[in-house]
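Every number in my numbering is 88 more than the matching position in the sequence shown, counting from 1.
Remarks on the structure that follows.
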Amino acid sequence: METLTLRPGEDQAGRRADVWLAEAVEGLTRSAAARLLEEGRVTRGGKPLSKSARLDGGETVEVSLPEPEPVDLVPQDIPLDIVYEDGDVIVVNKPKGLVVHPAPGHPDGTLVNALLFHCGDSLSGVGGALRPGIVHRIDRDTSGLIIAAKNDRAHQALSAQLQDHTLARTYQCVVTGSLRQDSGTVDAPIGRHPTDRKRMAVVPNGRPAVTHYQVLERFPGFTHVQCRLETGRTHQIRVHMAHIGHPILGDTVYGAKKPVPGLRGQCLHAAGLRFRHPRTGELVELSAPLPPEFQEQLRKLSARR
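Here is the structure:
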């Protein structure tokens, strides 16, 4: 059993313990966080916290992680484009169409199944039985870099970097319309859509979400953009770009009514990743080239000029 020591900032005062814990440990769902609290595995000053307890801000919270649950998943020999790997972490360039972890409608054939085949038992258990190793996620129809942890210590260290924004993730996308400014920031909270629970939306009571963007190239009616995530909410870039009136090309959930010929899903790619190695502290910077169908869309747009 491993014990994590967390210190919520002063700005976290008043937050519910279960909500905060789910955010503090990336890959931990709110239900899993609530279960840890209900089991008395989360303490403050030596006393167990209830899931509805409010944080003081600035205190020390200790989390005793149980031994990883047996993973009832089938390792599958799915090819992986491995960009970086050592004894603590593995970074994969995920293709479009590959779901990250099992979910309703996708019981197997996921990145997790592929990682289990490649890594064997060397995956962290912090994220739960169905998400071994998964530190952060990207959508099924988004391609690009995703990092997984091979042990709980590495997972916690990377989760902490997500929280303090030192784990940097950059994306490239093509959005509809012409952005007025060459660079900017979208700071708008994201939560479940009030009427469509399958979608996310900018809502007043949502979780804080910040996306920085920079124009890379302009085309008639479209813009090639680089986005840097400060936070990592579900569908964040897709929601934020649609919120400012520039939905991502091919995004039929938040923008287009019909798919774009030759493009599966949204034109969005996780192109860059930068983090401190959880064991050595050395800076690791990685990149993944734009996939062929993304490049083809750029060629088509360039030909229209």
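For every residue, glycine included, the Cβ atom is placed at its ideal position computed from N, Cα and C.
For M329, write down the residues that DSSP places opposite it in a beta bridge.
The partner list for M329 (beta bridge, DSSP) is empty, contrary to what the question assumes.
Give me whichever residues DSSP pairs with Q302 in a beta bridge.
Answer by DSSP bridge pairing, in chain order: S271, Q314.
In terms of residues, what are the limits of the alpha helix (DSSP H) holding N201?
Counting along the chain, the alpha helix (DSSP H) containing N201 begins and ends at 199-207.
Roughly how far, in whole angstroms, is the beta-carbon of L199 from the beta-carbon of V180, given that I think they are within contact range, below 8 Å?
At roughly 7 Å, the Cβ-Cβ gap stays under 8 Å, so L199 and V180 are in contact.
Let me check one thing: in DSSP terms, what residues is Q260 bridge-paired to?
In DSSP, Q260 forms a bridge with Q314, H357.
Could you please give me the residues that DSSP links to S375 through a beta bridge?
In the DSSP output, where bridge partners are listed per residue, S375 has G360.
From D240 to H357, what does the alpha carbon distance come to, in whole angstroms?
Their Cα atoms are separated by approximately 28 Å.
Quick check on this structure: which residue in S390, T254, Q251 has the alpha carbon closest to the alpha carbon of R306?
If we check each option's Cα against that of R306, S390 comes out closest.
Three-state secondary structure (DSSP) at V107?
The answer is helix: DSSP assigns V107 an H, G or I state.
Give me the Cα-Cα distance between V398 and R287, rounded to the nearest whole angstrom.
Missing from the structure shown is residue 398; the chain here goes from 89 to 393 and no further.
Could you pull the DSSP bridge partners for G279 from this structure?
G279 pairs with A289.
What are the residues that DSSP puts in a beta bridge with Y172?
Y172 is bridged to V179.
Smallest Cα separation from H189: which of E373, E384, L161?
Out of E373, E384, L161, L161 has the C-alpha closest to the C-alpha of H189.
Counting only the same chain and skipping the five closest in sequence on each side, list residues whose C-beta sits under 6 Å from that of V187.
Excluding positions up to five away in sequence, the list reads H194, T198, R228.
Rounded to a whole number of angstroms, what is the C-alpha to C-alpha distance between G309 and S266?
Distance between the alpha carbons of G309 and S266 is about 6 Å.
Measure the alpha-carbon distance for P277 versus D144 and round it to whole angstroms.
Taking the straight line from one Cα to the other gives about 23 Å.
DSSP three-state label for P403, please.
In the structure as shown, the chain begins at 89 and stops at 393. Residue 403 is therefore absent and cannot be evaluated.
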